[in-house]
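Down below is the structure, laid out as structure tokens.
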Amino acid sequence: MKFLFQEECHNILNTQAKKLVVFVFTAEWCPHSIQLKTYLETLAKEDQHVVITLIDIDDDEDLVPFYSLYAVPSYYFFRNQEEIGIQVGGDFAALRTCIRKYKRVKETDETVL
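Under the working numbering, the first residue of the sequence shown carries the number 1284, and numbering increases by one thereafter.
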């Protein structure tokens, strides 16, 4: 898990298209973002089919309007380079629920094919 900028975000979406990609927009001044980092490291280690990336909005201000960010932390979920969901806020349980939900979407899609 590392901090990414816009070009790196695009590269992650291209190279990890088969996995669930979660962009986590944070800021150093946000208390929830600070608490979140340790939790995200644990989540990233639990499942190799989920790519979790941290993005500090203060490091690349172009990302804020590009993703229409209005709060941090914000979580954007992608599969096959397409945005499939958004979650906002520091609720760890809600984040875990979203990851499980969007992982199931992939499993369901593959069984249909």
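Glycine included, C-beta positions come from ideal geometry on N, C-alpha and C.
Span of the alpha helix (DSSP H), counted from its first residue to its last, around residue i
i	result
Ile-1317	1314-1329
Leu-1352	Here Leu-1352 belongs to no alpha helix (DSSP H), and DSSP marks it neither H nor E.
Between the CA atoms of residue j and residue i - distance to the nearest angstrom
i	j	result
Ile-1338	Pro-1356	10 angstroms
Gly-1372	Gln-1331	24 angstroms
Thr-1325	Val-1333	12 angstroms
Tyr-1385	His-1293	20 angstroms
Lys-1301	Glu-1344	28 angstroms
Glu-1290	Thr-1336	13 angstroms
Arg-1387	Cys-1381	10 angstroms
Phe-1349	Phe-1306	13 angstroms
Gly-1368	His-1315	20 angstroms
Glu-1366	Ile-1317	25 angstroms
Glu-1234	Cys-1313	With the chain running from 1284 to 1396 in the structure shown, residue 1234 is simply not present.
Arg-1379	Tyr-1358	11 angstroms
Own chain residues within Cβ distance below 8 angstroms of residue i, not counting five before or after
i	result
Phe-1375	Leu-1319, Tyr-1322
Ile-1340	Phe-1308, Thr-1309, Ala-1310, Leu-1346, Val-1347, Leu-1352, Val-1355
Leu-1296	Val-1304, Phe-1361, Gln-1364
Own chain residues within Cβ distance below 7 angstroms of residue i, not counting five before or after
i	result
Ala-1377	Gln-1370
Arg-1383	none
Start and end residues, beta strand (DSSP E) containing residue i
i	result
Ile-1335	1333-1339
Neighbourhood of residue i by C-beta distance below 6 angstroms, restricted to the same chain and skipping five residues each side
i	result
Gln-1299	Val-1334
request  = At 3 residues or longer, and completely inside the segment 1359-1384: list those beta strand (DSSP E) runs for me, N to C.
outcome  = If only uninterrupted beta strand (DSSP E) runs of at least 3 residues are considered, those enclosed by the segment 1359-1384 are 1365-1371.
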